[in-house]
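Under my numbering, think of the first position of the sequence shown as 123, with each following residue one higher.
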Amino acid sequence: MPGNVVYLGVQAIRHRGDARAALEDIDLTPVPAARATRSLRVGFTVGLTNPKTIVFFVAFLPQFVNDSAGHTGLQLALLGLVFGSMCVASDSIWALAAAKARDWFARRPQRLDKLSLTGGVMMIGLGATMAAAE
């Protein structure tokens with residue numbers, strides 16, 4: 123296993139220019155923006171039908187419901203709404219951060235080379251640490 127991690131690190135270093143080349147090949151002509159309502163509808167449908175979400179709600183949330191207080195359905199709905207609000211806020215922040223990171227890398231694509239080099243060195247170090255721990 124440590125050898126695999128070291129191998130991946132070496133490959134990341136050897137192929138560090140691939141990400142830059144891919145970024146430079148992207149066509150940056152503006153594309154028409156999707157309607158917000160359609161994007162929200164698709165995101166809601168995907169989230170609602172995601173099996174992980176269903177398992178989370180069935181397995182995790184009921185332990186926070188007070189049966190003696192009654193209105194268990196209302197309590198579960200409130201917990202679900204709080205969870206959904208937190209997910210929307212978190213995903214929105216990650217989407218904005220990803221957009222900023224893409225713009226930052228697009229201004230100087232050589233930064234991707236340094237990122238791949240750093241990641242490769244970290245994987246080699248992790249593999250060496252795993253090998254030493256065995």
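Cβ atoms here follow ideal geometry from the backbone N, Cα and C, with glycine treated the same way.
The segment 193–234 contains, as complete alpha helix (DSSP H) runs of 4+ residues, the segments 194–229 (chain order). Contact between V132 and A250 is absent: CB atoms are separated by about 12 Å, not below the 8 Å threshold. Only exposed fits S212, as fewer than 16 other CB atoms lie within 10 angstroms of its CB.
Residue environment analysis places R163 among the exposed positions, since fewer than 16 neighbouring C-beta atoms fall within 10 angstroms of its C-beta. By the Cβ criterion, the segment 154–161 is not in contact with the segment 196–216, since fewer than three pairs of Cβ atoms, one from each stretch, lie closer than 8 Å. Classified as buried, I246 has 16 or more neighbouring CB atoms from the shown chains inside 10 Å of its CB. Per DSSP, D140 is one residue of the alpha helix (DSSP H) stretching across G139 to E146. When secondary structure is reduced to three states using DSSP, V168 falls in the helix class.
Collapsing the DSSP output to three states places R157 in coil. In the three-state reduction of the DSSP assignment, P184 falls in the helix class, which pools H, G and I. In the three-state reduction of the DSSP assignment, M123 falls in the coil class, being assigned neither a helical nor a strand state. DSSP places P173 in the helix class (H, G or I) of the three-state scheme.
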